[in-house]
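For the sequence shown, the positions run 1 to 498 when the UniProt record's numbering is used.
Yeah, the Cβ is synthetic: ideal placement off N, Cα and C, and Gly gets one too.
Just so we're clear, the structure is a prediction, and the values are computed from it rather than from any experiment.
Worksheet: the structure to be examined is printed underneath.
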Amino acid sequence: MSAADAEKKTGEGEKAAAAAGEMLYCGGTNWDVLGRKAGGPLTGNLVSPTRLRPLVGVDICFVASGCTSCHCVALDVEGRCYTWGRNEKGQLGHGDALQRNLPTIVSGLSKYKIIRAGTGRNHTVVVTEDGKSFSFGLNKHGQLGSGSTKNEIEPSPVACLVSEATNAVCGADFTVWLSSVEGSSILTAGLPQYGQLGHGTDNEYNVKESSVKLAYEPQPRPRAIAAFSGKTIVKVACGTNHTVAADSSGFVYTWGFGGYGRLGHREQKDEWVPRLVEVFQRQNVLPPDAIVSAGSVSSACTAGGGQLYMWGKLKTTGDDWMYPKPVMDLSGWNIRCMASGYMHHVVGAEDSCISWGHAQYGELGYGPLGQKSSANPKKVDILNGMHVTSVACGLGLSLIVVGRANVGDRLDQVLGKAFIVRHAPTVLYSIRLHYKGWKFTMVKVLLMEQKKKKMKISQLVRTRTKVLLILLQIRRKGRMGTHQIMKMKGMKAMMMKT
């Protein structure tokens, strides 16, 4: 490594340390059923930004998840890698397939300083400070880039990556690496379906001669995209089956699955090689500090003046955006970071955290009394005034890093009101209300375990079609069984642990 490169990496390290802060989590925690149609009850949702016990006081500089991921990655300023969540294919890198409910250090990476990470549906890829890459998890389609299709439950070096890696991002079943080598600045491996690897083919073949059963030949070795041979790609983001990239000149390219207009070409055709997005040309090329983001069925980036553009399927109802359009609700905001999940989005802008979209598990962070979903960008009130430095969105979850320097004592003051997850994050109770012959069972009333402090849930009373819904004010210490907790004239309320 040259002295100039060493100086550059030192500067990047200092910048990362300055941008580090406290990591907060909101969304689902029942990893076995998260994002699945069949399964048990969805309990344990954290609907407010919440600190996770192992990371309290740890300076986190980068977080990663993906629109198809039910697992998470957090990196601290020392380069330690923490993973947690679903682990059925070994995607957490701990040498087993056991679920981790809380962030756990990946011991197999302890000798390296990890600076970037990406997550797919069932795999994870990380990049070290010295340009090495490691991957672990499911490798059915060669998405680990190891040269084979063997699964890995521990970090395995991507030996086929001949150049130094600077970043890695993942789609559902494929991986994209950025490299420091001119002419080979972007490489891909994994499932070639929809042309999402950018090599001009989907490698489709028929499995049986007697019938039509299509399959796609895996590409287990990272391969440079020939269409970018004369360009340097500096930013990249992946959706489920598509990729968005920006080169050093500020031009934007997309390829892969074209459904719902997520490629931004005014049509829904799949693109097997990178195609220039016409909107971002001439006076509207991306600046050096631009943000590029991709969700499951959408894409986004910030262009001239910091204006956020989005395209694809942005709402569960309404027309798709077939080409990039400005998000007028965020015009004039200084957007620092952005991430998209399946159908939700989180933005760090100025001293606010903004989220919107369709949410099922509390991933928007609006709190127990806030709305569940939002069609338009809306501030996360509990984080108002805080400097958001990094965000990531998974399938039904959000990760938010807030800087300490900008909030000082207010961090403890405000976040102290949030719950600190220790072991089992929540206890599920059902409240059965009996009112003048009407019965109603309210499920998913979440009470946190706290040893020293009394638990309080503010009271909310509202009438809806002869059923009185009440969030009871509860003061509890220790464990609670079946108790009658409230009596009102003509009403009985029972709380039972389920």
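Item: How about the region 178-198 and the region 221-231: do they share at least three Cβ pairs that are nearer than 8 angstroms?; Value: yes
Item: Opposite K379 in the DSSP bridges: which residues?; Value: I354
Item: Say whether the region 49-56 touches the region 279-291, bearing in mind that this needs 3 or more beta-carbon pairs closer than 8 angstroms, one atom from each stretch.; Value: no
Item: How many Å lie between W31 and Q99 at the Cα?; Value: 8 angstroms
Item: Which value, in whole angstroms, describes the spacing of the CA atoms of K372 and S398?; Value: 14 angstroms
Item: Mind checking which residues open and close the beta strand (DSSP E) that includes I153?; Value: 152-157
Item: For A172 versus G120, is the C-beta distance shorter than 7 angstroms?; Value: yes
Item: Touch check for the region 244-251 and the region 306-324: three-plus C-beta pairs under 8 angstroms?; Value: no
Item: Below 8 angstroms on the Cβ atoms is my guess for H345 versus A294; work out the distance and round it to an integer in Å.; Value: Going by Cβ atoms, the distance from H345 to A294 rounds to 11 angstroms, so no, they are not a contact pair.
Item: Buried or exposed for A19, please, with buried defined as at least 16 other CB atoms from any protein chain shown within 10 angstroms of its CB.; Value: buried
Item: Report the option in V47, T29, P49 whose CA atom is closest to the CA atom of C72.; Value: T29
Item: Rank L144, S185, G79, P326 by C-alpha distance to the C-alpha of Q91 and give the top, closest one.; Value: L144
Item: H387 to S184, Cα distance in whole Å?; Value: 36 angstroms
Item: Quick one: measure Cβ to Cβ for W272 and G200, integer angstroms, because I've assumed they're closer than 8 angstroms.; Value: 5 angstroms
Item: In this structure, does DSSP put A226 in helix, strand or coil?; Value: helix
Item: Specify the secondary structure class of G261 as computed by DSSP and reduced to three states.; Value: helix
Item: Measure the CB-CB distance between Y361 and N45 and report whether it falls below 7 angstroms.; Value: yes
Item: How is the beta strand (DSSP E) around D319 delimited, first residue to last?; Value: Unbroken run through D319: none, as it is neither H nor E.
Item: Going by alpha carbons, who is nearest to N151 out of E88, I115, D247, G195?; Value: E88
Item: Where does D329 fall in DSSP's three states?; Value: helix
Item: According to the Cβ coordinates, are residue 579 and C393 closer than 7 angstroms?; Value: Any answer about residue 579 is impossible in this case: the structure gives the chain only from 1 up to 498.
Item: Measure the alpha-carbon distance for G21 versus K213 and round it to whole angstroms.; Value: 50 angstroms
Item: With a threshold of 6 angstroms on Cβ separation, who are the neighbours of M322 within its own chain once the five nearest residues in sequence on each side are excluded?; Value: G261, R266
Item: In whole angstroms, what separates the C-alpha of K313 from that of G264?; Value: 11 angstroms
Item: Please report the residue range of the beta strand (DSSP E) in which R336 lies.; Value: 335-340
Item: Is R116 buried or exposed, if buried means 16 or more other CB atoms sit within 10 Å of its CB?; Value: buried
Item: How many angstroms separate the CA atom of G108 from the CA atom of H358?; Value: 37 angstroms
Item: Quick check on this structure: which residue in G35, W311, A64, C26 has the alpha carbon closest to the alpha carbon of T50?; Value: C26
Item: I need the DSSP call for N284, collapsed to helix, strand or coil.; Value: helix
Item: Rounded C-beta distance between G66 and C170? I'm assuming under 8 angstroms.; Value: 6 angstroms
Item: Between S331 and the rest of its own chain, which residues show a CB-CB distance below 7 angstroms, the 5 nearest in sequence each way excluded?; Value: Q307
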